[in-house]
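Visitor: Sending over a structure as structure tokens; questions will come in a sec.
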Amino acid sequence: MGRFVARRLLQMIPVFIGTTLLIFLMVYSLPGDPVKAMFGSKAADPATVAKLRHDYGLDKPLIQQYWDYISGLFQGDFGQSFTGRPVADLMADAFPVTIRLALFAFAIELVVGIGLGVLTGLRRGKFLDQVVLIFTLIVVSIPVFVLGNLAQFVIGVKWKLVTPTVRDSQDLSQLILPAVVLALLSLAYVTRLTRTTVAENLRADYIRTAVAKGLPRRRVVGVHLMRNSLIPVVTFLGTDLGMLMGGAIVTEGIFNVPGVGNTLYQAVITSEGPTVVGVVTVLVLVYLVSSLVVDLLYAVLDPRIRYA
Amino acid sequence: MTTTTAKPANVPEQKGPDGGPLLEVRDLHVEFHTRDGVAKAVNGVNYSVGAGETLAVLGESGSGKSVTAQAIMGILDMPPARIPKGEILFRGQDMLKMSGEERRKIRGAKIAMIFQDALSSLNPVLSVGYQLGEMFRIHQGLSKKDAKAKAIELMDRVRIPAARERVGDYPHQFSGGMRQRIMIAMALALEPDLIIADEPTTALDVTVQAQVMDLLAELQREFNMGLILITHDLGVVADVADKIAVMYAGRIVETAPVHELYKRPAHPYTRGLLDSIPRLDQKGQELYAIKGLPPNLLNIPAGCAFSPRCPKAQDICRTEIPALHDVAERDGAAMPGRRSACHFWKETIHG
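First to last, the sequence lines map onto chains B and L.
Residue numbering for the first sequence follows this note's numbering, beginning at -8 and increasing consecutively.
Residue numbering for the second sequence follows this note's numbering, beginning at 340 and increasing consecutively.
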């Protein structure tokens, strides 16, 4: 196990360098000059432009810029955005909001998704199963911007049950609607996945054994069935948590949540290279760690899997 | 002076505590409602087992032997399965009329089952100690710690080496024979009155088969349990069974005390089965096989279900379902325990 973790951590180094280099190259080869963009429609003084370019290191070769960036990163310096704020500060503002939203959405997904999945898996082909099947199909097939805007309009504007946009990200009640919208898609997947594994394991020989042992149904389902059925679900949930942490550009945009997704979106449209690269770098790390955690969790849940 | 009724020595008739047999199956029917129609898996099965007695149920795949056992255990999936008719009497009480909770309390505690493939029948993600201990925790309310001690005791009892060290291991860490011992231990845990073993040695190699069967027979004697042994292996049956019921297409076609069946089968199907056993003295000759395939349960042939495959079939066999006749000697003397569902049982047994 220890060697497996060590190997995986070592494998992360090339992945990390590769992805950051890629995103760095992509961002800085985008058309448009960020320095000129700072001046807006005003004519820029060539001397000032050159000075700014030098200050941000934009006059150096790209590889040199990347090297400077990475070496800064290892000293905890994410660089400065073109507005003058340190990127680390920007992220320190955005990440707590996204984490709060992500955990909220994750909790909904976990409770409702697994709950519906188990219920429908146990009652395959019955009325509830059909209803949930249709519901999940609808959720999966409608794009999130339609769903988000619709929910915002109906629940927020028409019925006035919640504030249409998030004004105070500290207030959990304002985060309910974005969290539900954010959770819906994964919730549908979790429901389908749980339903399938529950229905499949219900026919397994060891369930028949558990019944033949005279165990009460509660125990057959709660211990023998669930322990086996949740293995693939936990894997999905693990990667999904990593995904949610990355922020949701569309959902955060619709509900005006000042999270990572929104920050990233703003940075992309204003060609804020340092911010984009900084945020994406952190996201890469989040993904790498969450996939490692999922792999380890797999071994904990299923004793047949042993890493060497 | 006492009058003693002579009992045939080779047909043990041990009674349950209230006089009747431990388990009695009466005219049991089981059908499966599938998309293609109704599959009649069991069509009027009768058999009984006493304490300390071993009944072997013999038959091909799809003959209804496992379904009958699952109906007794109450672990059939209903639907699609349905029991339209019949009684399953355990100590004189019809289990089919009991509530779900009453039946659950019998399962595992009074009637236990050993399954064929121990690897898939044990839960892969729970340790064997946990799965064994569960029996005590659920049925006797023991604490986790006591249940674990009992589990170790059980593993010792079925002679699993280093039980104490292995109690926390998972099923996949055991060999096939050891896993089957764990299954046996689980069935024995609460010292049930009856054990149903559904092809307990099929998944094992031959040397281990013998060990497992010996262990099962030994424990059965020790606890004086009834045993229903479901198998298609005639070799296994000869050593341990007291009586045999041969099943075909959901019916019992022949019953007999074990050794008599081997000597003089009274049904062409049984004869076919016996002739299909490879024998050393017939080395080099072609092995006999019963022609054709087992019948489709959605569409069982009219008359005797075996008639399309039977070398001795006459016209009557294709129209009339033979009753389970009592079989008698040539001179009319009764042969206790022997019955045959063949119109021509006389010709079959007496040549």
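Cβ coordinates follow ideal geometry from the N, Cα and C atoms, glycine included.
Keep in mind the model is a prediction, meaning the values are calculated, not measured.
Less than 7 Å between the C-beta atoms of Asp665/L and Arg678/L, yes or no?
Guide: The sequence position of residue 665/L within the second sequence is 326, counting from 1. The sequence position of residue 678/L within the second sequence is 339, counting from 1. Result yes, Cβ atoms of Asp665/L and Arg678/L sit closer than 7 Å.
Visitor: Under 9 Å Cβ-Cβ, which residues of chain B neighbour Arg430/L?
Guide: As a working note, residue 430/L is residue 91 in the second sequence. None at all; the shortest Cβ gap to chain B is about 16 Å.
Visitor: Using a Cβ cut-off of 9 Å, pull out every chain L residue sitting near Asp293/B, in sequence order please.
Guide: Residue mapping note: residue 293/B aligns to position 302 of the first sequence, counting from 1. Those within 9 Å of Asp293/B in chain L are Pro463, Val464.
Visitor: Using only CA atoms, which one of Val576/L, Asp537/L, Asp532/L lies nearest to Asp553/L?
Guide: Against the second sequence, residue 553/L aligns to sequence position 214. Looking at the Cα atoms, Val576/L is the closest of the given residues.
Visitor: Quick one: complete alpha helix (DSSP H) runs, 4+ long, within the region 345 to 425 of chain L?
Guide: Correct list: 404 to 412.
Visitor: What is the rounded straight-line gap between the Cα of Ile296/B and the Cα of Ala290/B?
Guide: Here residue 296/B is taken as the residue at index 305 of the first sequence, counted from 1. Here residue 290/B is taken as the residue at index 299 of the first sequence, counted from 1. Ile296/B and Ala290/B: Cα-Cα distance of roughly 5 Å.
Visitor: If I follow the unbroken beta strand (DSSP E) through Leu533/L, where does it start and stop?
Guide: The sequence position of residue 533/L within the second sequence is 194, counting from 1. Its beta strand (DSSP E) spans residues 533 to 537.
Visitor: Who are the neighbours of Gly447/L on chain B, taking C-beta pairs under 8 Å?
Guide: By 1-based counting over the second sequence, the position of residue 447/L is 108. In chain order: Ala203, Lys204, Gly205, Leu206.
Visitor: Whose C-alpha, out of Gln624/L, Ser646/L, Pro617/L, is nearest the C-alpha of Gly631/L?
Guide: By one-based count along the second sequence, residue 631/L stands at place 292. For the residues Gln624/L, Ser646/L, Pro617/L, the minimum Cα distance to Gly631/L belongs to Ser646/L.
Visitor: So Met564/L packs on Gly447/L, CB below 8 Å; how close in whole Å?
Guide: Start at 1 with the first residue of the second sequence, and residue 564/L comes out as number 225. Start at 1 with the first residue of the second sequence, and residue 447/L comes out as number 108. Actually they do not touch by this definition, with Cβ atoms about 14 Å apart.
Visitor: How many angstroms separate the CA atom of Ile567/L from the CA atom of Val579/L?
Guide: Sequence index remark: in the second sequence, residue 567/L carries index 228 (1-based). Sequence index remark: in the second sequence, residue 579/L carries index 240 (1-based). Using only the alpha carbons, I get a separation of about 11 Å.
Visitor: Hey, quick one: how far does the beta strand (DSSP E) through Arg194/B stretch, first residue to last?
Guide: Your numbering for residue 194/B matches position 203 in the first sequence. From DSSP, Arg194/B is part of no beta strand (DSSP E); its letter is neither H nor E.
Visitor: Helix, strand or coil, according to DSSP, for Gly299/L in the structure here?
Guide: Within the shown structure, residues of chain L are numbered from 340 to 690, placing residue 299/L beyond reach of any answer.
Visitor: Hey, could you find the ends of the alpha helix (DSSP H) His45/B is sitting in?
Guide: As a position in the first sequence, residue 45/B is number 54, starting the count at 1. Run containing His45/B: 37 to 46, per the alpha helix (DSSP H) assignment.
Visitor: Give the single residue among Glu593/L, Lys582/L, Leu613/L whose Cα lies nearest to the Cα of Asp572/L.
Guide: On the second sequence, position 233 is the one that residue 572/L refers to. Measuring from the Cα of Asp572/L, the nearest candidate turns out to be Leu613/L.
Visitor: List, in chain order, every chain D residue whose beta-carbon is nearer than 9 Å to that of Arg603/L.
Guide: In the displayed structure, chain D is absent; the protein chains listed are B and L.
Visitor: Going along chain B, which residues have a C-beta under 7 Å from Lys444/L?
Guide: As a first step, residue 444/L is located in the second sequence; it is residue number 105 there, counting from the start. The answer, in chain order, is Gly205.
Visitor: Between Asn219/B and chain L, is any beta-carbon pair separated by less than 7 Å?
Guide: For the purposes of this step, residue 219/B is taken as the residue at position 228 of the first sequence. With 7 Å as the cut-off, Asn219/B counts as an interface residue toward chain L.
Visitor: In the DSSP assignment, find the alpha helix (DSSP H) that holds Lys483/L and state where it starts and stops.
Guide: Start at 1 with the first residue of the second sequence, and residue 483/L comes out as number 144. From DSSP, the alpha helix (DSSP H) with Lys483/L extends over 483 to 496.
Visitor: Alpha carbon to alpha carbon, what distance is there between Ala(-3)/B and Asp120/B?
Guide: By one-based count along the first sequence, residue 120/B stands at place 129. By one-based count along the first sequence, residue -3/B stands at place 6. Between Asp120/B and Ala(-3)/B, the C-alpha separation is close to 44 Å.
Visitor: Can you have a look at Ile450/L and say buried or exposed, based on whether 16 or more other CB atoms are within 10 angstroms of its CB?
Guide: For the purposes of this step, residue 450/L is taken as the residue at position 111 of the second sequence. Counting Cβ neighbours within 10 Å, Ile450/L comes out buried, since at least 16 surround it.
Visitor: Curious, which full-length alpha helix (DSSP H) runs of at least 4 residues does the region 83 to 146 of chain B contain?
Guide: As far as the region 83 to 146 of chain B is concerned, its whole alpha helix (DSSP H) runs of at least 4 residues are 105 to 113, 118 to 132, 135 to 142.
Visitor: So the alpha helix (DSSP H) His478/L belongs to, where does it begin and stop?
Guide: As a working note, residue 478/L is residue 139 in the second sequence. 467 to 478 is the extent of the alpha helix (DSSP H) around His478/L.
Visitor: Per DSSP, what kind of secondary structure is Gly70/B in: helix, strand or coil?
Guide: Residue 70/B sits at position 79 when you count from the first residue of the first sequence. Reduced to three states, the DSSP call for Gly70/B is coil.
Visitor: Name the residues in the region 472 to 486 of chain L whose C-beta lies less than 9 Å from a C-beta of chain B; which are they?
Guide: Correct list: Glu473, Met474, Ile477, His478.
Visitor: Between Asn349/L and Val597/L, what straight-line distance do the alpha-carbon atoms span, to the nearest angstrom?
Guide: Position 10 of the second sequence holds residue 349/L. Position 258 of the second sequence holds residue 597/L. Caution is warranted here: a pLDDT of 41 is assigned to Asn349/L, below 50, making its placement in the model unreliable, and the coordinate value is therefore given only provisionally. Taking the straight line from one Cα to the other gives about 9 Å.
Visitor: Where do the N-terminal and C-terminal ends of the alpha helix (DSSP H) with Asp614/L fall, by residue?
Guide: For the purposes of this step, residue 614/L is taken as residue 275 along the second sequence, with counting starting at 1. That run of the alpha helix (DSSP H) goes 607 to 614.
Visitor: Does the Cβ of Ile523/L have 16 or more other Cβ atoms within 10 Å, making it buried, or fewer, making it exposed?
Guide: Counting from one through the second sequence, the residue named residue 523/L turns up at place 184. Ile523/L comes out buried.
Visitor: Could you spell out the range, first to last residue, of the beta strand (DSSP E) harbouring Val212/B?
Guide: Walking along the first sequence from the start, residue 212/B turns up at place 221. That residue, Val212/B, is in no beta strand (DSSP E); it is neither H nor E in DSSP.
Visitor: Quick check: what's the CA-CA separation for Leu110/B versus Pro419/L?
Guide: Here residue 110/B refers to the residue found at position 119 when the first sequence is read from its first residue. Here residue 419/L refers to the residue found at position 80 when the second sequence is read from its first residue. Approximately 20 Å, taken between the alpha carbons.
Visitor: Does DSSP classify Gln455/L as helix, strand or coil?
Guide: Walking along the second sequence from the start, residue 455/L turns up at place 116. It is coil, neither helix nor strand.
Visitor: How many angstroms separate the CA atom of Arg209/B from the CA atom of Asn192/B?
Guide: In the first sequence, the residue the question calls residue 209/B occupies position 218. In the first sequence, the residue the question calls residue 192/B occupies position 201. Rounded to the nearest angstrom, the two C-alpha atoms are 15 Å apart.
Visitor: Under 8 Å: do the region 142 to 158 of chain B and the region 211 to 219 of chain B share three or more Cβ pairs, one atom per stretch?
Guide: Output reads no: the region 211 to 219 of chain B does not touch the region 142 to 158 of chain B.
Visitor: Answer yes or no: does any C-beta atom of chain L fall closer than 7 Å to that of Tyr60/B?
Guide: Taking the first residue of the first sequence as 1, we reach residue 60/B at position 69. Not closer than 7 Å to any Cβ of chain L, the Cβ of Tyr60/B fails to qualify, so no.
Visitor: Please report the straight-line C-alpha distance between Asp80/B and Gly116/B, rounded to a whole angstrom.
Guide: As a working note, residue 80/B is residue 89 in the first sequence. As a working note, residue 116/B is residue 125 in the first sequence. For Asp80/B and Gly116/B, the distance between alpha carbons rounds to 53 Å.
Visitor: Nearest-angstrom Cα distance between Trp320/B and Arg76/B?
Guide: The structure shown does not extend to residue 320/B, since chain B is modelled only from -8 through 299, so no value can be given for it.
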